[in-house]
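Trainee:
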Amino acid sequence: LAMNFRGPFRVRADRNRPYPEIKHPQDAIVRVTRSCICGSDLHLYHGLVPDTRVGMTFGHEFTGVVEELGSAVTNLKVGDHVMVPFNIACGACPFCQQQLFGNCHESNPQATAVAGIYGYSHTAGGYDGGQAEYVRVPYANVGPTIIPQGMDLDDAVLLTDVVPTGYQAAEMGGIQKGDTVVVFGAGPVGIMAAKCAWLFGAGRVIVIDHIDYRLEFVRNYAQCEAYNFKELGDVVVFLKKTTGWFGADVCIDAVGCDAAGDAFQSLVGRKLPLTGGSATALHWAINSVKKGGIVSIVGVYGPLDTLVPIGNVVNKGITIRANQASVKRLLPTLIDHVMSGRLNPKAIISHRLPLEEVAEGYHIFSAKRDNCIKPVLIPPH
Ligand code: NAD
Ligand code: ZN
Numbered sequence: 002l003a004m005n006f007r008g009p010f011r012v013r014a015d016r017n018r019p020y021p022e023i024k025h026p027q028d029a030i031v032r033v034t035r036s037c038i039c040g041s042d043l044h045l046y047h048g049l050v051p052d053t054r055v056g057m058t059f060g061h062e063f064t065g066v067v068e069e070l071g072s073a074v075t076n077l078k079v080g081d082h083v084m085v086p087f088n089i090a091c092g093a094c095p096f097c098q099q100q101l102f103g104n105c106h107e108s109n110p111q112a113t114a115v116a117g118i119y120g121y122s123h124t125a126g127g128y129d130g131g132q133a134e135y136v137r138v139p140y141a142n143v144g145p146t147i148i149p150q151g152m153d154l155d156d157a158v159l160l161t162d163v164v165p166t167g168y169q170a171a172e173m174g175g176i177q178k179g180d181t182v183v184v185f186g187a188g189p190v191g192i193m194a195a196k197c198a199w200l201f202g203a204g205r206v207i208v209i210d211h212i213d214y215r216l217e218f219v220r221n222y223a224q225c226e227a228y229n230f231k232e233l234g235d236v237v238v239f240l241k242k243t244t245g246w247f248g249a250d251v252c253i254d255a256v257g258c259d260a261a262g263d264a265f266q267s268l269v270g271r272k273l274p275l276t277g278g279s280a281t282a283l284h285w286a287i288n289s290v291k292k293g294g295i296v297s298i299v300g301v302y303g304p305l306d307t308l309v310p311i312g313n314v315v316n317k318g319i320t321i322r323a324n325q326a327s328v329k330r331l332l333p334t335l336i337d338h339v340m341s342g343r344l345n346p347k348a349i350i351s352h353r354l355p356l357e358e359v360a361e362g363y364h365i366f367s368a369k370r371d372n373c374i375k376p377v378l379i380p381p382h
């Protein structure tokens, strides 16, 4: 049983998926125990990522039990319960050696496997992902990490993407003690970024979205201010005003491509003139950060979503930092935060569905229905 992509806005559970094979001595096969749907999956679901092929299985946030090991895997045993970072990385190239696991350079499919992301189109390696009963895990010595004794699986599965991504967003912001940090987006990633901003010493954290139940959630969960941009008038003016007209020290984009152009439409009252979505949050981030401030981007964009006010970046002397999260680099720190109770990721899980109901999971998460924040899929074994 596995999720199967049938085309934009159409996914289903497929009962006839073949059991994955070990293709390389460094592979493992993992029996999935938890698998989440991510905002990044929505870009695939909305048809915005090039070369997303019909028949593919998505899913890059999963935990599972090791079933089979290739002959070159030495760091795992059959039966180990692991969390699997979303980055597929070789561990040996110059980028992996600097712990830039989201920027692995391995591109030789004969040698081993190409760098990429589980279940994220053929532009990211063409791997089937973890919204399945079983999944092939390449470079099994590098990514999979044994779940510590006593850690809840719901926390562990969020350590494969959402927690490290939110944390890295705050880290890239270079937050100094007392800084005002504005986070655009109150999805799972923005919620985690807001929570983590305090760990870096923020003095004030403001979250912007337009979905009230998410704003209410983040206000309680991250103990921050949260505002609905539809009620603010001009968002940039509001943020300037509330920061003594200087602008925020740090702005974080945890939105990425707004496929539906919802933000744009709700402000100007008409559909977007572009195809491919809008970069409204990134505009706001650049325009409301202070001179010399930092804009940290973890939101995902397609090639057509790049119209941003670059002149303002130059004139204000803004530093932009952006990347895929380097999950494996951050795991030791984040495991410690979770085990000590400083971070409680599982509180964001709002829905728990059997894998058979994957279509419903995509539907409610995409439509932001039923107060959905983070859905987790449970395979049937
Ligand atoms: P999500 O879809 O649940 O949340 C996005 C939120 O942004 C929604 O609540 C939406 O209402 C809000 N939003 C839309 N337009 C806005 C605007 N103009 N201003 C403020 N808020 C706005 O998604 P998520 O799971 O939280 O992921 C967020 C982004 O992070 C996605 O683009 C995803 O692809 C990306 N992501 C990146 C990485 C990485 O490693 N860099 C990892 C995971 C996710
Ligand atoms: Zn994800």
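Just so you know, we're using the UniProt record's numbering here: the sequence shown kicks off at 2 and counts up by one.
Ideal Cβ placement from N, Cα and C applies to all residues, glycine included.
This one's a predicted model, so the numbers in the text were calculated from it and none came from an experiment.
Identify whether A249 lies in helix, strand or coil by the three-state DSSP scheme.
Mentor: Taking the first residue of the sequence shown as position 1, residue 249 is located at position 248. In the structure shown, A249 sits in a strand (DSSP, three-state: E or B).
Trainee: Taking DSSP's pairing of strands, which residues face V67 in a bridge?
Mentor: Looking up residue 67 in the sequence shown gives position 66. V31.
Trainee: Restricting to runs no shorter than 3 residues, where is the beta strand (DSSP E) found entirely within the segment 70–96?
Mentor: DSSP runs (the beta strand (DSSP E)) wholly in the segment 70–96: 82–85.
Trainee: In the DSSP assignment, the beta strand (DSSP E) including H352 goes from what residue to what residue?
Mentor: In the sequence shown, the residue the question calls residue 352 occupies position 351. I350 to P355 is the extent of the beta strand (DSSP E) around H352.
Trainee: Secondary structure at P189, three-state DSSP: helix, strand or coil?
Mentor: In the sequence shown, residue 189 corresponds to position 188, counting from 1. Looking at P189 - three-state DSSP - the assignment turns out to be helix.
Trainee: Based on Cα-Cα distance, which residue from G8, V31 and F63 lies nearest to G48?
Mentor: What you label residue 48 is simply residue 47 of the sequence shown in a count that begins at 1. It is G8 whose Cα lies nearest to the Cα of G48.
Trainee: Short of 8 Å in beta carbon distance, which residues of its chain neighbour A348, apart from the five on each side in sequence? Order them along the chain.
Mentor: For this step, residue 348 is matched to residue 347 along the sequence shown. Result list for A348: Y222, in chain order.
Trainee: Once DSSP output is grouped into helix, strand and coil, what is the label at F201?
Mentor: Position 200 of the sequence shown, counted from the first residue, corresponds to residue 201. Coil.
Trainee: Output needed for C225: all residues of its chain with C-beta closer than 7 Å, excluding positions within five of it in sequence on either side, in chain order.
Mentor: Translated into the one-based positions of the sequence shown, residue 225 becomes position 224. Here the set comprises A195, V206, I207, V208 and V219.
Trainee: For F59, name the three-state secondary structure that DSSP assigns.
Mentor: Counted from its first residue, the sequence shown places residue 59 at position 58. Of the three classes helix, strand and coil, the one that applies to F59 here is coil, per DSSP.
Trainee: With 16 other CB atoms within 10 Å as the buried threshold, where does K329 fall?
Mentor: The residue you call residue 329 lines up with position 328 of the sequence shown. Counting Cβ neighbours within 10 Å, K329 comes out buried, since at least 16 surround it.
Trainee: Go ahead and pull the three-state DSSP assignment for D162.
Mentor: If you number the sequence shown from 1, residue 162 lands on position 161. If DSSP states are grouped into helix, strand and coil, D162 belongs with coil.
Trainee: Thinking I295 and V314 are a contact (beta carbons under 8 Å), I'd like their distance in whole angstroms, please.
Mentor: Residue 295 sits at position 294 when you count from the first residue of the sequence shown. Residue 314 sits at position 313 when you count from the first residue of the sequence shown. 11 Å between Cβ atoms; not a contact.
Trainee: For R370, which three-state DSSP category applies?
Mentor: Your numbering for residue 370 matches position 369 in the sequence shown. Reduced to three states, the DSSP call for R370 is coil.
Trainee: When DSSP builds the beta bridges, which residues end up paired with N229?
Mentor: Your numbering for residue 229 matches position 228 in the sequence shown. Per DSSP, D210.
Trainee: Do you know whose CA, among A326, P381 and P139, lies nearest E172's CA?
Mentor: The count along the sequence shown starts at 1 and reaches residue 172 at position 171. The residue with the shortest Cα to Cα distance from E172 is A326.
Trainee: For A255, tell me which candidate among V67, G191 and L233 has the shortest Cα-Cα distance.
Mentor: Here residue 255 refers to the residue found at position 254 when the sequence shown is read from its first residue. For A255, the nearest C-alpha among the options comes from G191.
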